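Participant: This is the structure, below, for whatever I ask next.
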Amino acid sequence: MSLVMKFIGGLVGLFVIIFALGFVLPSGVHVERDTIINAPPAAVFPWVSDFERWEAWSPWAAKDPDAVMQIAGSGLGQTMTWQSDNPEVGSGSQTVVELLEDRLLKTHLEFGDRGRADATIRRQPQADKTLITWSLDTDMRDGVPALQQPISTYMGFFMDAMMGPEYEAGLQQLQAIVEESNKA
141 MSLVMKFIGG LVGLFVIIFA LGFVLPSGVH VERDTIINAP PAAVFPWVSD FERWEAWSPW
201 AAKDPDAVMQ IAGSGLGQTM TWQSDNPEVG SGSQTVVELL EDRLLKTHLE FGDRGRADAT
261 IRRQPQADKT LITWSLDTDM RDGVPALQQP ISTYMGFFMD AMMGPEYEAG LQQLQAIVEE
321 SNKA
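And the structure:
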């Protein structure tokens with residue numbers, strides 16, 4: 141067997157091993173960012189508990205102002221669907237699954253064949269301020285077609301680097317809006 145054939149066989153074998161590892165490596169991902177807002181939780185709550193107000197601070201709304209968004213309901217069970225040609229925004233839906241006034245918002249996100257996730261926004265009072273923590277939890281293989289699961293698993297290793305800055309930008313925008321509206 142020639143050296144070239146051995147090399148090609150080695151590359152194919154390496155590819156198969158890397159691909160197979162994608163099925164067994166950990167696929168759970170947690171991304172979390174926080175900030176302190178100079179306002180009480182009651183001033184923050186309306187901005188995070190109602191999808192109608194998310195457009196003002198969501199980093200993805202800023203990326204594609206032409207995205208089509210539809211919001212149905214209010215409070216627990218409120219749903220937002222969006223559709224965008226911008227691949228950084230994509231299409232999907234988000235539903236409020238838990239809502240504790242002034243403290244907690246949990247949502248479930250569906251991205252079609254791109255997977256599912258759960259997001260949480262926690263608000264904790266700190267004197268006259270609010271510590272707000274935005275997190276995302278997902279299984280990178282959940283809801284993804286079988287042959288794409290290894291790729292999704294490897295993408296999970298980069299989720300914090302990809303999503304973290306988005307969450308930071310959203311929290312900074314939320315902070316600016318809440319603090320400005322709280323001055324009035």
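For what it's worth, the numbering used here labels the leading residue of the sequence shown as 141, then goes sequentially.
Built from N, CA and C at the ideal position, the CB exists for glycine as well.
Just so we're clear, the structure is a prediction, and the values are computed from it rather than from any experiment.
1) Report, in whole angstroms, the separation of the C-beta atoms of R243 and L249, which I expect to be a contact under 8 Å.
2) Which runs of the alpha helix (DSSP H) spanning at least 4 residues fall entirely within the region 251-316, listed in chain order?
3) I need the DSSP call for E172, collapsed to helix, strand or coil.
4) Who are the near neighbours of Q313 in its chain, counting only those whose CB is closer than 6 Å to its CB and skipping five residues on each side?
5) In this structure, does DSSP put G232 in helix, strand or coil?
6) Give the straight-line distance between the Cα atoms of T221 and S233, rounded to the nearest whole angstrom.
7) Looking at the structure shown, is E238 part of a helix, part of a strand, or coil, going by DSSP?
8) E241 and W200: beta carbons closer than 9 Å?
9) Enumerate in chain order the residues of its own chain whose CB-to-CB distance from A212 is below 6 Å, with the five nearest sequence positions on each side excluded.
10) Using 9 Å as the threshold, is the C-beta distance between D258 and P285 below it?
11) Can you give me the C-alpha to C-alpha distance between F159 and S292, rounded to a whole angstrom?
12) Which stretch, first to last residue, makes up the beta strand (DSSP E) that contains W222?
13) Taking the beta strand (DSSP E) that P212 falls in, what are its first and last residues?
14) With G149 as the anchor, note down where its alpha helix (DSSP H) starts and where it stops.
15) With a threshold of 8 Å, are at least 3 pairs of Cβ atoms found where one atom belongs to the region 157-177 and the other to the region 290-307?
Facilitator: From the atom records:
1) Not quite, the Cβ-Cβ distance comes to about 20 Å (not below 8 Å), so this is no contact.
2) 289-296
3) strand
4) W197
5) strand
6) 4 Å
7) strand
8) no
9) T219
10) no
11) 11 Å
12) T219 to Q223
13) Sequence check: residue 212 is Ala here, not Pro. Counting along the chain, the beta strand (DSSP E) containing A212 begins and ends at V208 to A212.
14) L143 to V164
15) yes
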